[in-house]
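As structure tokens, the structure follows; a few thoughts come after it.
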Amino acid sequence: MTWVLGLSVAALIALGAPIFVALLSAAALALLFFPGPPLIALQQTIFGGLDAYALLSVPFFVFAGELMAISGIADRLINLVRALFGRVPGSLGIAALGGSTLIGTICGSSAAAVAAVGRNMYPQLIENGYGRTRAAGIITSSGAIDIVIPPSIAMILYGASAEQSIAKLFIAGIIPGIVMALLMAGYISISALLARIPREESFRARVAWQAFKQAFWALTMPAFVMVGIYAGLFSPTEAGGFACAYAAFIGMVIYRTVSFRSLLEAAVSSAMMTARIMIVVAAAGVISWVLTVEGVPQALIAATADAGLSPLGFLLCVNLLLLAIGCVLDPTSAILVLSPLLVPIAVSLGIDPIHFGIVMTVNLAIGMFTPPFGLNIFVAQSVLGIRTSEIYRGVLPFIGVQVSALALITLVPALSLWLLHGMS
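Residues in the sequence shown are numbered from 1 upward in steps of one, following full-length UniProt numbering.
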């Protein structure tokens, strides 16, 4: 049955079937042609997989992200970063990176960050001498940090599937996300200096203060959400509801860039996005249930023990596996399908499941811009209007930078766990 499941999913995805169709069809075939649970268990498991309180936060954060996207927040955040970095080499590229990272603290959507930053920054990067390939690489790769910086929908799904605290995952993702951003900023600065890209105007306190005032309300939203979660004032699900109300207030009352009509359009768009996520959650839950019934996780644990893999050796194998899978599957599908299989093995080897969740998320973040099928590549191609081959060349150096960050995060669990230990 396990082989039928794996081969059926791979074949259907290769034929272009949607992920949820591939997962549900493979599960149905396994239940239909092999002795075991009755076929009626399929529909029971589909609905049972969605019966998780933590999943209620997904539509909230998706809606909050949509509201912030139509509020003109991206422009304000990018202007703030530009004002702060002044004449630092590569300051314009760092502004694109910083704007994308700050957007990640609001909505946690990698594709949304690529689209928002790309429309704003790509023409300016070209005018400043970055070239199409380099500019496309910066924009496409920067968006990947958004699924590591909290709040992160990928972490919510990992927490739900691996039965881990979402609040702890959010805390654990802060330092790794910053490490990824700093390494990318360092590379952008050094490469811009070597390429003799013109610098921008020097830092001016008055300009920076004006930019900060314009971005203030946008910056307070993630601050309120994170402090509220960490202080125990509300759960991540309740924080998502607060984020929606706060985003609507900022857009409609403070900035006055969101009308009632656009609010409804954002709600419809969020509902569609939530439906696409939840149908994958339901389908992946069926696959996980079938594999669990067949004893696959237990068999994998036994095989790992027999192979004598050390925790570091296992993490290395997982990194190689996820880097390959990440450029084919989106993070949602990969996390939901693989977490029930890999987390028990990690725990049996003494690996902290929170640290393991961060390692999984960083891997799949890199996959978001890894050729040939990284999702961010196609979003960037649509927004920027350039050839995919140019984007491929642009992202290659950043894959190396982010793999270095992944190695550091994997080898030093304290980067993920230090804030948790400090708060305990």
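Yeah, the Cβ is synthetic: ideal placement off N, Cα and C, and Gly gets one too.
{"query": "If I measure Cβ to Cβ from residue 280 and keep anything under 7 Å in the same chain, skipping five residues before and after, which residues do I get?", "result": "19, 20, 332, 333 and 336"}
{"query": "Tell me the residue span of the alpha helix (DSSP H) that contains residue 210.", "result": "205-230"}
{"query": "Which of helix, strand or coil does DSSP assign to residue 370?", "result": "coil"}
{"query": "What separation, rounded to the nearest whole angstrom, lies between the Cα atoms of residue 341 and residue 194?", "result": "45 Å"}
{"query": "Which whole-angstrom value is the C-beta distance of residue 76 and residue 218, which I expect to be below 8 Å?", "result": "6 Å"}
{"query": "Would you report the Cα separation of residue 371 and residue 377, rounded to the nearest angstrom?", "result": "8 Å"}
{"query": "Would you report the Cα separation of residue 317 and residue 166, rounded to the nearest angstrom?", "result": "25 Å"}
{"query": "Using DSSP with H/G/I as helix, E/B as strand and the rest coil, what is residue 63?", "result": "helix"}
{"query": "If you pair each beta-carbon of the stretch 128-145 with each one of the stretch 95-107, do three or more pairs fall below 8 Å?", "result": "yes"}
{"query": "What are the uninterrupted segments assigned as alpha helix (DSSP H) that are 4 or more residues long and contained completely in the stretch 312-367, given in chain order?", "result": "331-348 and 353-367"}
{"query": "Helix or strand or just coil, what does DSSP make of residue 163?", "result": "coil"}
{"query": "Thinking C-alpha only, which one of 246, 355, 387 and 150 is nearest residue 407?", "result": "355"}
{"query": "On the DSSP letters alone, give me the boundaries of the alpha helix (DSSP H) that residue 294 sits inside.", "result": "First-last for residue 294: undefined, no H or E at that position."}
{"query": "Expressed to the nearest angstrom, what Euclidean distance is found between the alpha-carbon atoms of residue 106 and residue 294?", "result": "40 Å"}
{"query": "Give every residue of the same chain whose Cβ lies closer than 6 Å to the Cβ of residue 247, excluding the five residues on either side of it in the sequence, and list them in chain order.", "result": "64, 67 and 68"}
{"query": "For residue 169 versus residue 155, is the C-beta spacing smaller than 7 Å?", "result": "yes"}
{"query": "Could you check how far apart the C-beta atoms of residue 381 and residue 391 are, in whole angstroms? I think they sit under 8 Å.", "result": "6 Å"}
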